Amino acid sequence: MWRFMRDRLLTTLLTVWGASTLAFLVLRLLPGDAITNQMLQGGASPATIAARRAAMGLESPLPIQYVRFLLDLIRGDLGYSYLTQQPVNALIGEQLGATISLASAALFIAIILGLALGMIEALYWPRWPGQIASALNVLALAAPIYWTGTLAIYVFSTQLSLLPATGSGSPIHLLLPAGVLGFHVAGSIARVTRTSLRRIQEAPFVRTAYAKGLRSSQILFSHVLRASFPPILSIIALQTGFLLGGTVITEMIFVRQGIGQLLQHAVIDQDYPVVLGVVVLAAITYSVVNTLADIGHGLLDPRLRLAEES
Amino acid sequence: MRIPLPDLIGSAQRQPRPFAVPVMILSIVVVITLAAPLLNLPDPRTAVAEAHLRPPSLEHPFGTDALGRDVLSRTLWGGQQTLLVALLGAGIAILPGLVLGVMAGYNQGWTDRLLMAGMDILLAFPNLLLGLATIALIGPGRFSIALAVGLAGLPAYARVARAAVLMVRSAPYIDAAHAIGVPPGQILLFHILPNIRESLFSFAGVSLSWAILNGAALAFLGFGGDPAIPDWGAMLNEGRAVFRLAPWIALPPGIAITLTIFAANRLADAWQDTAGHRI
Chain Y
81 MWRFMRDRLL
91 TTLLTVWGAS
101 TLAFLVLRLL
111 PGDAITNQML
121 QGGASPATIA
131 ARRAAMGLES
141 PLPIQYVRFL
151 LDLIRGDLGY
161 SYLTQQPVNA
171 LIGEQLGATI
181 SLASAALFIA
191 IILGLALGMI
201 EALYWPRWPG
211 QIASALNVLA
221 LAAPIYWTGT
231 LAIYVFSTQL
241 SLLPATGSGS
251 PIHLLLPAGV
261 LGFHVAGSIA
271 RVTRTSLRRI
281 QEAPFVRTAY
291 AKGLRSSQIL
301 FSHVLRASFP
311 PILSIIALQT
321 GFLLGGTVIT
331 EMIFVRQGIG
341 QLLQHAVIDQ
351 DYPVVLGVVV
361 LAAITYSVVN
371 TLADIGHGLL
381 DPRLRLAEES
Chain D
640 MRIPLPDLIG
650 SAQRQPRPFA
660 VPVMILSIVV
670 VITLAAPLLN
680 LPDPRTAVAE
690 AHLRPPSLEH
700 PFGTDALGRD
710 VLSRTLWGGQ
720 QTLLVALLGA
730 GIAILPGLVL
740 GVMAGYNQGW
750 TDRLLMAGMD
760 ILLAFPNLLL
770 GLATIALIGP
780 GRFSIALAVG
790 LAGLPAYARV
800 ARAAVLMVRS
810 APYIDAAHAI
820 GVPPGQILLF
830 HILPNIRESL
840 FSFAGVSLSW
850 AILNGAALAF
860 LGFGGDPAIP
870 DWGAMLNEGR
880 AVFRLAPWIA
890 LPPGIAITLT
900 IFAANRLADA
910 WQDTAGHRI
């Protein structure tokens, strides 16, 4: 197990390094950036612009900039915004709380809803509960969040005045955006849960459990669910990594503070250090979560880690 | 309260999901959007100030938007844009993804490790963020969106193609082909690819639905370039701003996107079921 974990961690480190390097290279190699744009608009002379760029270390040769970037990254320093000169860490830090609460509330809803829908669909398929679960699942996967979000605001906020549509702060403000984001993430979780459950139901050990005279609920919880859990764990981890992408649009629709808004504005303004910071943060989150899931997978299913170790 | 549990023993014999429904939906969507020039609709780009935010009527069956443009006309013309960008994006994901994935799966060893490490690095960026970063680099526009969407979908397609190749690579009939001296290129083309085509087609359907979803998302976020040219994603954003006053603007493009993605997903499911049937 230790070797399995060590290999996994090493791969993760390499992936994070590769991802940061790629993001750095691509974002630095491109002509045009926020500093030049901003100062040209302000009527600054080329000399002033060059001085400013030099002060930010942008005139040094690329390898030197890269080494500086890596050293800073290892210390957890993501550089400075071209536009406001504020540290990217501080900019992200200001917004991180709002995004984390949105993402974790959405994830919580997605896991509960996704497992429920998937189980209902797998177990009750031709009958009405299965049909309803299946329809909801299809909607969650096919409808774009930027549309259902608008509809949800219209129904729950404008028409029924049940929930506030926009703003952040209290848990009530969180309910609508987290519900909508969670509903869509639940789609993939439900799909994998359904498929995995069905596959396990075909396994001979379910028949054996019946033959031993176990009750249906015992078979479901301690045999079927347990055996079908590893792929579900993987999809939950995958979706957790993707949540940061989902929050970009959710934050825009519900006019919430957060990393998504920060990124969207940074993209429009070509404020590359901020884009770089957010993208690197997302890649690290994704890799770490998936590594944890892989390790969990290995703990649940000894065949997997033995196969990799051999 | 006790919830009645059904019989937990599943059966392997399940009806494969049909092709007819998704194929029908997709053909209808494509035919209608392509027919837009023939339908004698008002120009989707001309703003008519005095006709703004009209509810549906005989003259404007889907109403008009904030600039007085006909929503029906914009939905049909917008469909052309959205579908074109999505097809282009899916193509950019699928073709290089297929080549890279097959190369990795067939050659194994170092080629495989290097290619897949590269794909893992790309996979570490959430889809939409990769798209946004691409837009940040090459600027907004419809071609940028297609490229952004394609790059975001490429690593997943490569992974699936590789996994599919690995499934059949060690099959006895491949060994047999090697043994009788069939050249590797022929083995790939005539022995491996035909046997994994269902998986490849199936994931192409998934890639298409991602391309529609992500492409429209980027257009929704305002990265589609010229705002006069209609597009489903951009229309949803325009409709969002005035949804309380004029819900008819966001409904047609929203329903159209949902139906198209649903059909693409179902097409993927149907291909997958045929694969399950053969094995």
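The listed protein sequences correspond, in order, to chains Y and D. According to this note's numbering, the stretch in the first sequence is residues 81 to 390, in order. According to this note's numbering, the stretch in the second sequence is residues 640 to 918, in order. Ideal Cβ positions, reconstructed from N, Cα and C, are used throughout, including at glycine. Because the structure is a prediction, the values reported are computed rather than measured.
- Using a CB distance cut-off of 8 Å, D:F782 does not count as an interface residue toward chain Y.
- Y:H377 and D:R883 have their C-alpha atoms roughly 47 Å apart.
- Here D:L839 is not near D:P794, since their CB atoms are 8 Å or more apart.
- If you look at D:F862, you'll find it isn't in any alpha helix (DSSP H); DSSP assigns it neither H nor E.
- Taken atom to atom, the span from the alpha-carbon of D:P655 to that of Y:S241 is near 44 Å.
- Annotation note: the region 234-278 of chain Y contains no uninterrupted beta strand (DSSP E) run of length 3 or greater.
- According to the DSSP secondary-structure assignment, D:T703 is paired through a beta bridge with D:D709.
- The beta-carbon of D:R808 is placed no less than 8 Å from the nearest beta-carbon of chain Y.
- Taking 8 Å as the CB threshold, D:N679 stays off the interface with chain Y.
- Linking Y:G156 to D:A797 through their CA atoms gives a straight-line distance of about 32 Å.
- Rounded to whole angstroms, the gap between the alpha carbons of D:L753 and D:Q719 is 38 Å.
- Listed in chain order, the non-local C-beta contacts of Y:L243 below 7 Å within the same chain comprise F236, S237, I252, L255 and L256, local neighbours out to five positions each way being set aside.
- Around the C-beta of Y:L93, fewer than 16 other C-beta atoms lie within 10 Å, and the residue is accordingly described as exposed.
- Judged by DSSP secondary structure, D:D759 falls within the alpha helix (DSSP H) whose first and last residues are G748 to L762.
- Taking a beta-carbon distance threshold of 8 Å, Y:G321 counts as an interface residue toward chain D.
- If you ignore the 5 residues before and after D:A791, its C-beta comes within less than 7 Å of the C-beta of N766, L769, G770 and N853, all in its own chain and listed in chain order.
- Under the 8 Å Cβ criterion, the region 301-309 of chain Y does not count as touching the region 351-363 of chain Y, having fewer than three qualifying pairs.
- The beta carbon of D:P645 sits closer than 8 Å to some beta carbon of chain Y.
- Below the 9 Å Cβ cutoff, chain Y contributes L221, A222, A223 and P224 as neighbours of D:I900, in chain order.
- Within the region 830-847 of chain D, no residue has a Cβ lying closer than 7 Å to any Cβ of chain Y.
- Linking D:A810 to D:A802 through their CA atoms gives a straight-line distance of about 14 Å.
- If you check each beta-carbon in the region 762-787 of chain D against every beta-carbon of chain Y, the ones closer than 7 Å belong to A763, F764, P765, N766, L767, L768, L771, A772, I774, A775 and L776.
- Around the beta carbon of D:P891, 16 or more other beta carbons lie within 10 angstroms, which makes this residue buried.
- If you check the CB distance, D:G872 and D:A858 come in under 8 Å.
- Here the C-alpha atom of D:L647 lies approximately 12 Å from the C-alpha atom of Y:L294.
- Distance from D:I900 to D:S848 at the Cβ level is roughly 5 Å; contact confirmed, criterion being Cβ atoms closer than 8 Å.
- Fully contained in the region 116-158 of chain Y is no beta strand (DSSP E) run of length 3 or more.
- Here Y:P167 is bridged, per DSSP, to Y:Y160.
- Under the three-state reduction of DSSP, D:V821 is assigned to coil, being neither helix nor strand.
- The C-beta distance from Y:G338 to Y:L90 rounds to 33 Å, too long to meet the 8 Å contact threshold.
- Assignment of alpha helix (DSSP H) within the region 773-856 of chain D, counting only whole runs of 4 or more residues, yields 781-808 and 811-818 in chain order.
- Shown here for D:G780: same chain residues with a beta carbon closer than 6 Å to its own, the five before and five after excluded, namely G864 in chain order.
- When 9 Å is used as the limit between beta carbons, D:I868 is near no residue of chain Y, the shortest such separation being about 19 Å.
- Counting along the chain, the unbroken alpha helix (DSSP H) around Y:Y352 starts and ends at Y352 to L380.
- For the region 682-711 of chain D, the set of positions with a beta-carbon nearer than 9 Å to some beta-carbon of chain Y is empty.
- Taking 8 Å as the CB threshold, D:I813 stays off the interface with chain Y.
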